[in-house]
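Visitor: A single structure is presented below for examination.
Number of protein chains: 2
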Amino acid sequence: MKILVLGAAGMIGKKLVNALLHGGMSETKIDEIHRYDVVMPPSLDVDIPVHAMKGDLSHEGEAERLAALDCDLIFHLASIVSGDAETNFDLGWSSNMRASWALFEAIRSRSAMNGGSRPKVIFSSSIAVFGGPFNGPIDDEFLCAPQSSYGAQKAAIELLLADYCRKGLMDGMSLRLPTICVRPGKANLAASSFFSGIIREPLNGLEAVLPVEDTTRHWFASPESAVGFLLHAAQLDTELLKGRRSLNLPGVSCTVAEQIEALRTVAGNDVVKLIKPQADEQIRKIVGAWPEDFTASRSKALGFQADSNFEAIIRNYIEREL
Amino acid sequence: MKILVLGAAGMIGKKLVNALLHGGMSETKIDEIHRYDVVMPPSLDVDIPVHAMKGDLSHEGEAERLAALDCDLIFHLASIVSGDAETNFDLGWSSNMRASWALFEAIRSRSAMNGGSRPKVIFSSSIAVFGGPFNGPIDDEFLCAPQSSYGAQKAAIELLLADYCRKGLMDGMSLRLPTICVRPGKANLAASSFFSGIIREPLNGLEAVLPVEDTTRHWFASPESAVGFLLHAAQLDTELLKGRRSLNLPGVSCTVAEQIEALRTVAGNDVVKLIKPQADEQIRKIVGAWPEDFTASRSKALGFQADSNFEAIIRNYIEREL
């Protein structure tokens, strides 16, 4: 099997490739992995061919170049993040929506040339497709009414993907990933960045800004759970989705106050003191429209597995990254 | 006020223009109406300037040409119909989705040139944004999981429209029109065409094919109700939508058997005998995934009004068209 990872230099992309190289799809013989990102993915010293390519999917000819690799499985993780898409309207719609559309078109053309052999596309969507008001946990039949450009772009790509799949032009599904926490490394432009920052920076002896109230509730998965979702989806028979190709994934629902209490339990009071509340109206507004809790009944029934609680998410970070 | 109607030569477009010319928006002084369609809208002999333009919104430069008219209110009714969009994948995505996107972009550019004065766009979406399975009547928080390209295109345009409006780049809303019945004139390529055909043809002394089982339940509005929805939306303060700019509209839910019984009541047994059952698997499959009933609570609360029952829908047709 030949695998392509778009967004392979990102945090989840790197972990996904690593998992693929270490038995993450144990039933599958992997012959080749192609990694693609706007920055060159790091070189790897491994037994099977793992190629690295630098490029921007939104540029002319890039989608065709990738489709011509004739991969059997494509993880599409490439995205302009939420804060950036909100600030740069054109960039978000072009790099997220138009580029994904170009990819699906290129896959379709290539598939027609290859006698109909269709790759499977696992698209990383987001819970940002949902917007308030919410009445309790979001169930699997709740509407997409995104309150951010990022969410609108993800929802629109989901519609495209589902229609291309329904028409047999490709195979695939969209995974509405919870907010990934704790993200290692540096803060990014996502409006959700602080959810990781308030855990990560204190654990590294640094101060962290908390831009929202501690009553803010949100939906989380560890990076390892996210990789697990992607691998599980890649091995899932999409017929089981019965035409509804977007899935809300399981996660951990907790408030910022509960995040902080979990940090106190794991790392102590002095670490927690490094969290500094400092209201940011723009972030508060974006995050305030985000979902807080899900039933995730379908995905659980399909075998997707979440972290057990937020303490487990913190311990996962410490174990893997510190 | 300057008004632009896209799809003005269509059945609803013509009735809408007629209503606008006869006090349909009584609180509003209409200075000018521009009518646009792929076929030249018919000439009209009226007091105010009513222009007719022939063109295809999906062609280069057309969106800009229309935006440059600087209309205050735009009714966007132009669409490739469902059966056609299902058969011609590229045509549907290009003429429905890409062309609408180009229109929104052109409106945005023009508005920036005009110091931010934004037109209001009333977009005719469809209940085809919904796909089964359904659990009883569809409420206002039910997901869009379209099972046709037409429905996917409408849902994607709704997302775009909502995001452009949320960012203040234009104003507007999407109306998910029920299936319009009884459509006067000839059958079209919409998979829903027979719902009108089985009433219209017999009333005109002609045989009509019924391609689905008579237990098929569906959601209807008369052409006059549809025009009423459009006029009401045009006069509605979009702030009342609280960020959810797509509306399920009120309608009449009934089965084909109930349609037929209403026809028998209104026109007698000999007329009903002209309906000839003749199964069509492709139509049955498309229609079988369509919604059957709605709560339409939000739109009713906002003052949108439906027909009272299917008999009233038939009598409306007879009165207006025969």
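These protein sequences, in sequence, are chains R and V. The first sequence finishes on residue 330 if you use our numbering, and the numbering steps up by one all the way, no holes. The second sequence finishes on residue 330 if you use our numbering, and the numbering steps up by one all the way, no holes. Every residue gets a Cβ at the ideal spot worked out from N, C-alpha and C, and that includes glycine. Computed from a predicted structure; not experimentally measured.
1) With 16 as the cutoff for other CB atoms within 10 Å, does GLY31/V come out buried or exposed?
2) With a cut-off of 8 Å, do at least 3 Cβ pairs link the segment 88-108 of chain R to the segment 20-40 of chain R?
3) Would you identify the three-state DSSP class for ALA75/R, choosing helix, strand or coil?
4) Looking at the C-beta of ALA160/V, does it have a partner C-beta in chain R at a distance below 8 Å?
5) Name, going along the chain, the residues of the segment 72-92 of chain V whose beta-carbon falls closer than 7 Å to a beta-carbon of chain R.
6) Taking its Cβ as the centre, do 16 or more other Cβ atoms sit within 10 Å of ASP171/R, making it buried, or is it exposed?
7) Please report the distance separating the alpha-carbon of GLY236/V from that of ILE294/R.
8) Grab the span of the beta strand (DSSP E) containing GLY180/R for me, first residue to last.
9) List the residues of chain R whose Cβ lies closer than 9 Å to the Cβ of LEU185/V, in chain order.
10) Counting only runs of 4+ residues fully inside the segment 18-71 of chain V, write out the alpha helix (DSSP H) ranges in chain order.
11) Pull up the CB-CB distance for MET178/R and PRO127/R, whole angstroms please, since I reckon it's below 8 Å.
12) Just how far apart, CA to CA, sit ARG253/V and PRO186/V?
13) So which residues on chain R does GLU149/V lean against when the C-beta distance must stay under 7 Å?
14) Counting C-beta neighbours from all protein chains within 10 Å, is the total for ASN68/R 16 or more, i.e. buried, or is it exposed?
15) Assuming GLY100/R contacts GLN161/R (C-beta within less than 8 Å), just tell me the rounded distance between them.
16) At the level of alpha carbons, what is the spacing between ALA16/V and LEU214/V?
17) Please list the partners that PHE97/R has in chain V, where partner means a Cβ-to-Cβ separation under 7 Å.
18) My understanding is that CYS173/V touches CYS152/R, with C-beta atoms under 8 Å, so please give their C-beta distance in whole angstroms.
19) Which residues in chain V sit within 8 Å of ASP301/R, going by Cβ to Cβ distance?
20) Is any heavy atom of the ligand HEM found at a distance shorter than 7 Å from the C-beta of ASP315/R?
21) Cβ of LEU282/V within 8 Å of Cβ of GLU221/V?
22) Output the distance between the C-alpha atoms of LEU255/V and LYS175/R, rounded to the nearest integer angstrom.
23) With H, G and I counted as helix, E and B as strand and the rest as coil, what does DSSP make of SER261/V?
24) Which of the three DSSP states is assigned to ARG225/V in this structure?
25) How long is the line joining the alpha carbons of ASP55/R and LEU28/R, rounded to whole angstroms?
26) Are the segment 225-242 of chain V and the segment 130-142 of chain V in contact at 8 Å, needing three or more beta carbon pairs?
Guide: Put simply:
1) Residue mapping note: residue 31/V aligns to position 23 of the second sequence, counting from 1. So GLY31/V counts as exposed.
2) no
3) Looking up residue 75/R in the first sequence gives position 67. Correct three-state label for ALA75/R: helix.
4) As a working note, residue 160/V is residue 152 in the second sequence. Interface residue, yes.
5) none
6) Translated into the one-based positions of the first sequence, residue 171/R becomes position 163. Buried is the call here.
7) Position 228 of the second sequence, counting from 1, holds the residue named residue 236/V. Position 286 of the first sequence, counting from 1, holds the residue named residue 294/R. GLY236/V and ILE294/R: Cα-Cα distance of roughly 36 Å.
8) If you number the first sequence from 1, residue 180/R lands on position 172. Taken as a continuous stretch (DSSP letters only), the beta strand (DSSP E) holding GLY180/R covers 179-185.
9) As a working note, residue 185/V is residue 177 in the second sequence. Residues of chain R passing the Cβ test: none, with the nearest at roughly 18 Å.
10) 19-29
11) By 1-based counting over the first sequence, the position of residue 178/R is 170. By 1-based counting over the first sequence, the position of residue 127/R is 119. That pair is a contact at about 6 Å.
12) In the second sequence, residue 253/V corresponds to position 245, counting from 1. In the second sequence, residue 186/V corresponds to position 178, counting from 1. Looking at the two C-alpha atoms, the distance is approximately 17 Å.
13) Locating residue 149/V in the second sequence gives position 141, where the first residue counts as 1. Within chain R, the residues near GLU149/V are PHE150 and LEU151.
14) Mapped onto the first sequence, residue 68/R falls at position 60. Looking at the sequence itself, residue 68/R is Glu, so the reference to Asn does not match. Exposed, since its Cβ has fewer than 16 Cβ neighbours within 10 Å.
15) Here residue 100/R refers to the residue found at position 92 when the first sequence is read from its first residue. Here residue 161/R refers to the residue found at position 153 when the first sequence is read from its first residue. About 6 Å; that satisfies the 8 Å criterion.
16) On the second sequence, residue 16/V is found 8 positions in, with the first residue counted as 1. On the second sequence, residue 214/V is found 206 positions in, with the first residue counted as 1. Spanning the two alpha carbons is a distance of roughly 28 Å.
17) Your numbering for residue 97/R matches position 89 in the first sequence. Those within 7 Å of PHE97/R in chain V are LYS175.
18) Here the question's residue 173/V lines up with position 165 in the second sequence. Here the question's residue 152/R lines up with position 144 in the first sequence. At roughly 16 Å, the Cβ-Cβ gap does not stay under 8 Å, so CYS173/V and CYS152/R are not in contact.
19) Sequence index remark: in the first sequence, residue 301/R carries index 293 (1-based). Neighbours of ASP301/R on chain V: none; closest Cβ ~15 Å, over 8 Å.
20) The model depicted lacks the ligand HEM and carries no ligand whatsoever.
21) For the purposes of this step, residue 282/V is taken as the residue at position 274 of the second sequence. For the purposes of this step, residue 221/V is taken as the residue at position 213 of the second sequence. Not closer than 8 Å, so no.
22) The sequence position of residue 255/V within the second sequence is 247, counting from 1. The sequence position of residue 175/R within the first sequence is 167, counting from 1. Those two C-alpha atoms are separated by around 27 Å.
23) The residue labelled residue 261/V in the question sits at position 253 within the second sequence. SER261/V: strand per DSSP, three-state reduction.
24) Along the second sequence, read from residue 1 onward, the residue named residue 225/V stands at position 217. Here ARG225/V sits in strand by DSSP.
25) Within the first sequence, the letter at position 47 stands for residue 55/R. Within the first sequence, the letter at position 20 stands for residue 28/R. Each residue's Cα considered, the two are about 12 Å apart.
26) yes
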